[in-house]
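Position one of the sequence shown corresponds to residue 1023 (our numbering), numbered consecutively onward. Beta carbons are placed, not taken as given, at the ideal position from N, Cα and C, and that holds for glycine. Since the model is a prediction, treat every value here as computed from it, not as a measurement.
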Amino acid sequence: MSGESRPGEIWIAPSLLAADFGNLAQEVRDVSEGGADCIHLDVMDGNFVPNLTFGPPVIRAIRSCTSLPLEAHLMVWHPDSYLDDLKESGVDRVIVHQESDVHLNRLLDRIRGMGFSAGVAINPGTPAGHLEEVLDMVDLVLVMTVNPGFGGQSFIEGTLEKISRVRDLRQSRSGRNFRIEVDGGIGSRTGRRVVEAGADILVAGTAIFRNPPYRKAIRELRNAALPVRDEP
Ligand code: DX5
Ligand code: ZN
């Protein structure tokens, strides 16, 4: 992906789900200028999850408002059928759910072959081990810290252990280099804990868009997430 995070770096990815959809262009510009590292786009089909959002035409419009990397989090059945249009719309990273396609290996292969950065997401109820066979194929693992579908939900405590488990799986084989992203209920209070468990990229909707000014909200989240430095 154009501009991937470096190992050890913490990225903040605002989720537009909590933005003002009537003022989307300005919202995207404001978080871009406010210090965001990439833009997180929640694509929902009203079927894989009980909510419906936006797709490639809206993403194309968002592309023209920012030079930051765009990542599409696909909460849809048949994610394969969206890939050509997402390529056209200028998305950099595609994240598919492990639960959404029984041919995950083939799907990730196609995503990589199309030149996307490839991410795989797991729901809170899915064990980390279900990803083991594809971990050498992905640039990112997204550990859902709420059940997907809506913003503003409470962080599920049990997912902390899963983040650590994914980190252990990364360390267990040399050459594995994917980033670990978390999504749902992330704010200043949970930020530090998910980073300590192993997260590299924090998705945040409510904590940023319902907490203006955005520059301050992003800075607060980044500062809260930074590991505590030992006093000299
Ligand atoms: C939930 C989405 C999230 C959502 C997070 O299904 O995948 O990206 O926007 O929202 P907050 O940060 O409000 O929990
Ligand atoms: Zn998301």
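Problem - Residues of its chain near Met-1097, where Cβ-Cβ distance is below 6 angstroms and the 5 sequence neighbours each way are ignored - result: Mapped onto the sequence shown, residue 1097 falls at position 75. So the qualifying residues of the chain are Met-1066, Phe-1070, Val-1071, Pro-1170.
Exercise for the section: Can you tell me which of the three DSSP states Glu-1179 falls into? Expected result: For the purposes of this step, residue 1179 is taken as the residue at position 157 of the sequence shown. The answer is coil: DSSP assigns Glu-1179 none of H, G, I, E or B.
Practice task
Run the proximity test for His-1062: is its beta-carbon closer than 7 angstroms to any non-hydrogen atom belonging to the ligand ZN?
Solution key: Here residue 1062 corresponds to residue number 40 of the sequence shown, with the count starting at 1. Because some heavy atom of the ligand ZN lies under 7 angstroms away, the Cβ of His-1062 counts as near it: yes.
Practice task
Helix, strand or coil for Glu-1031, going by three-state DSSP, please let me know.
Solution key: Taking the first residue of the sequence shown as 1, we reach residue 1031 at position 9. Coil, per DSSP.
Practice task
Decide if the region 1126-1134 is in contact with the region 1086-1097; the criterion is three or more beta carbon pairs, one per stretch, under 8 angstroms apart.
Solution key: no
Practice task
Pick out whichever of Leu-1182, Gly-1227, Gly-1197 has its Cα sitting closest to the Cα of Arg-1215.
Solution key: On the sequence shown, position 193 is the one that residue 1215 refers to. Checking every option, the nearest Cα to that of Arg-1215 belongs to Leu-1182.
Practice task
Over the uninterrupted alpha helix (DSSP H) stretch that includes Val-1216, give me the two end residues.
Solution key: The residue you call residue 1216 lines up with position 194 of the sequence shown. First-last of the alpha helix (DSSP H) with Val-1216: 1210-1219.
Practice task
List the endpoints of the continuous alpha helix (DSSP H) containing Met-1239.
Solution key: In the sequence shown, counting from the first residue as 1, residue 1239 sits at position 217. The sequence given here places Ala at residue 1239; Met does not occur at that position. It spans 1236-1247 - the alpha helix (DSSP H) in which Ala-1239 sits, taken as one unbroken run.
Handout entry: N- and C-terminal bounds of the beta strand (DSSP E) containing Ser-1139
Key = Numbered from its first residue, the sequence shown carries residue 1139 at position 117. Unbroken beta strand (DSSP E) run through Ser-1139: 1139-1144.
Problem - Outcome for Gly-1173 when other beta-carbon atoms lying within 10 angstroms are tallied against a minimum of 16 - result: Here the question's residue 1173 lines up with position 151 in the sequence shown. Buried, since its Cβ has 16 or more Cβ neighbours within 10 Å.
Exercise for the section: Could you tell me if the beta carbon of Asp-1205 falls within a distance shorter than 7 angstroms of some heavy atom in the ligand ZN? Expected result: Taking the sequence shown and counting its residues from 1, the one referred to as residue 1205 is at position 183. Answer for Asp-1205: yes, Cβ within range of the ligand ZN.
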